[in-house]
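Residue numbers (this note's numbering): 569 to 936.
All C-beta atoms in this analysis are idealised placements derived from N, C-alpha and C, irrespective of residue type, glycine included.
Keep in mind that this is a model prediction, so the values were computed, not measured.
Since the structure comes first, as C-alpha cells, the remarks are kept for the end.
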C-alpha cells in the first residue's frame with residue numbers, strides 16, 4: 569500500500585492523492601502513523617459563518633479570507649460557507665466575486681475549502697433579529713435568478729422566510745437550480761412551514777432564534793423543525809447563550825440536527841453597527857444578540873459536556889451538514905471521498921490535528 573495510513577483508537581484511515589482509499593476498525597496496517605488516543609473523524613463543516621475575528625465576509629478581500637481560513641482550520645473546520653447577510657441588492661454581486669476568488673485561492677492551500685456561499689437574507693420576515701428591517705424585502709425571483717446565473721454554482725444555501733416568498737416561487741426556483749433552502753427569521757405557522765418544505769426547503773436556520781416560540785396549540789416554525797415528519801433539519805447554535813443547555817439536548821435528541829457557529833466579525837459589522845463579545849456571544853450596543861464568537865470544536869465540546877452523545881455531536885458537525893450539501897468529503901462512517909479529517913483528544917475533545925484533502929493543515933502544539 570502506497571497510501572499514508574492514519575491510525576487512531578477508533579479507526580484507521582488510508583489516504584492517497586487527497587482521498588480516503590481504505591479504512592478499518594481492527595489493527596492498522598504496518599507503517600501506520602500512530603495518532604494516539606484520539607477520535608479520528610470527518611472534518612467539521614460550518615454552514616453559517618459570517619466572519620472571523622475582524623474579517624467580515626461581506627467585505628473581505630483575499631487576505632482576509634486567508635486569515636479566516638487559517639483561524640478556522642485550528643478549530644477542526646475543513647469546509648465552510650461564508651455567509652452574507654441582508655444588504656442592499658447591489659452589494660451582493662461584488663461580495664460574491666470576492667468569495668469566488670477566495671474559493672479558487674483556497675484549493676490545495678491547506679486551508680478549509682470554501683464550498684460556496686450562504687445567503688442569509690434579504691428575503692426575511694417577521695423575526696429579523698439583528699438584520700435591520702429596512703434592508704429586508706419580499707422575494708425577487710428575477711433578481712435572485714440573475715445573481716445565480718452570474719455566479720454559477722457559488723450560492724449553495726439561502727435562508728428565507730416563507731412569508732417573504734408569496735406562492736413560494738423563490739423556493740421552487742432555488743431547488744430547481746440545486747440550491748438548498750433554509751427557513752429562518754420568520755414567524756410563519758406550522759402549516760406554512762410544511763408548505764415551504766413541500767416546495768423544496770430542507771433546513772431551519774438556528775432553530776428557536778429568529779422565529780416564534782414552541783407552542784402546543786398554535787405551532788410554528790420551531791414545531792416544524794422538531795417534527796421528524798416534516799423533512800426539515802434544524803441547525804442550532806450551541807454556544808449555550810443562544811440556547812439553554814436543556815434545549816440543545818432536546819433538539820439533538822429528537823431530530824438529526826446540524827451544529828453551526830453563526831460566527832460574526834467583532835468591531836463594526838456589515839450594517840455599520842458596533843459588535844461586541846460577551847460570554848462567547850456577540851451583541852450589538854443596544855444588547856441585541858447578533859451571532860456568536862463560537863467555534864465548531866467548542867460547539868461539539870459544549871454539546872457533549874451537556875449530555876449529548878459524542879457520536880451524535882460529531883455527526884451534527886460533519887456528516888449531516890456534508891450530506892445536506894452533497895459534499896464529496898469522507899463521511900465518518902464510510903470509506904471514500906476527500907480526505908478532510910480532524911483528530912480530537914478523546915478526553916478533552918480538543919483539536920489535535922486537521923487534514924485538508926489529505927494534507928496536514930494543523931497540529932496542536934503542546935507545552936513541554
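Euclidean distance between Cα positions of residue i and residue j
i           : j           : result
residue 604 : residue 915 : 12 Å
residue 630 : residue 797 : 43 Å
residue 805 : residue 772 : 12 Å
residue 843 : residue 575 : 43 Å
residue 780 : residue 740 : 24 Å
residue 658 : residue 690 : 12 Å
residue 598 : residue 606 : 19 Å
residue 758 : residue 688 : 21 Å
residue 876 : residue 821 : 8 Å
residue 795 : residue 763 : 14 Å
residue 669 : residue 881 : 32 Å
residue 632 : residue 675 : 16 Å
residue 935 : residue 719 : In this prediction, residue 935 scores a pLDDT of 48, lower than 50, which makes its location untrustworthy; no coordinate-derived value is stated.
residue 661 : residue 869 : 37 Å
residue 846 : residue 933 : 28 Å
residue 601 : residue 921 : 13 Å
residue 755 : residue 595 : 53 Å
residue 584 : residue 760 : 48 Å
residue 682 : residue 787 : 36 Å
residue 917 : residue 736 : 42 Å
residue 635 : residue 627 : 14 Å
residue 613 : residue 645 : 6 Å
residue 812 : residue 929 : 34 Å
residue 862 : residue 904 : 30 Å
residue 835 : residue 697 : 18 Å
residue 911 : residue 611 : 9 Å
residue 814 : residue 785 : 22 Å
residue 864 : residue 919 : 10 Å
residue 677 : residue 742 : 31 Å
residue 625 : residue 909 : 25 Å
residue 879 : residue 898 : 16 Å
Best match in the options for proximity to residue i [C-alpha to C-alpha]
i           : options            : result
residue 665 : 846, 722, 691, 576 : 722
residue 731 : 606, 871, 789, 741 : 789
residue 588 : 933, 932, 927, 931 : 927
residue 714 : 861, 641, 608, 745 : 745
residue 679 : 653, 660, 641, 687 : 641
residue 823 : 810, 869, 803, 830 : 803
residue 734 : 692, 861, 913, 701 : 692
residue 621 : 600, 831, 701, 911 : 831
residue 619 : 828, 580, 808      : 828
residue 716 : 699, 729, 738      : 738
residue 884 : 871, 677, 742      : 871
residue 913 : 696, 694, 931      : 931
residue 816 : 784, 729, 874      : 874
residue 866 : 639, 643, 623, 611 : 643
residue 695 : 729, 826, 879      : 729
residue 923 : 624, 647, 617      : 647
residue 819 : 611, 776, 919, 663 : 776
Spatial neighbours of residue i in its chain, beta-carbon cut-off 6 Å, leaving aside the 5 residues before and after
i           : result
residue 582 : 571, 573, 589, 590
residue 577 : 605
residue 752 : 727, 773, 778
residue 800 : 765, 772, 792, 793
residue 667 : 650, 685
residue 896 : 905, 906
residue 671 : 682
residue 705 : 690
residue 901 : Low per-residue confidence applies at residue 901: pLDDT is 49, beneath 50, and the placement is therefore not dependable enough to give any value.
8 Å CB neighbourhood of residue i in its chain, flanking five on each side removed
i           : result
residue 703 : 654, 655, 656, 689, 690, 839
residue 725 : 615, 649, 684, 685, 686, 687, 747, 748, 749, 750, 771, 893
residue 586 : 906, 907, 925, 926, 927
residue 579 : 591, 592, 593, 608
residue 860 : 805, 807, 809, 810, 829, 830, 831, 832, 848, 849, 850
residue 937 : For residue 937 there is no data in the structure shown, the boundaries of the chain being 569 and 936.
Beta-carbon contacts of residue i that lie in its chain and below 7 Å, excluding the five residues immediately before and after
i           : result
residue 637 : 674, 679, 680
residue 782 : 790, 791
residue 623 : 632, 635, 636, 833
residue 639 : 620, 621
Inset, instruction - Indicate whether the contact test is met: 3 or more Cβ pairs, each with one atom in the segment 760-774 and one in the segment 698-710, closer than 8 Å. - result: no
Inset, instruction - Indicate whether the contact test is met: 3 or more Cβ pairs, each with one atom in the segment 887-895 and one in the segment 849-857, closer than 8 Å. - result: no
Inset, instruction - Taking only runs that begin and end inside the segment 580-647, name each unbroken beta strand (DSSP E) of 3 or more residues, in chain order. - result: 580-584, 587-592, 606-610, 612-617
Inset, instruction - List in chain order: all unbroken alpha helix (DSSP H) runs of 4+ residues lying wholly within the segment 861-914. - result: 864-873, 878-885, 887-892
Legend entry - Complete beta strand (DSSP E) runs within the segment 686-733 (minimum length 3 residues, chain order): 723-728
Legend entry - Length at least 3, wholly inside the segment 774-816: the beta strand (DSSP E) runs in chain order: 801-805
Inset, instruction - Enumerate, from N- to C-terminal direction, the unbroken alpha helix (DSSP H) stretches of 4 or more residues contained entirely within the segment 653-678. - result: 660-674
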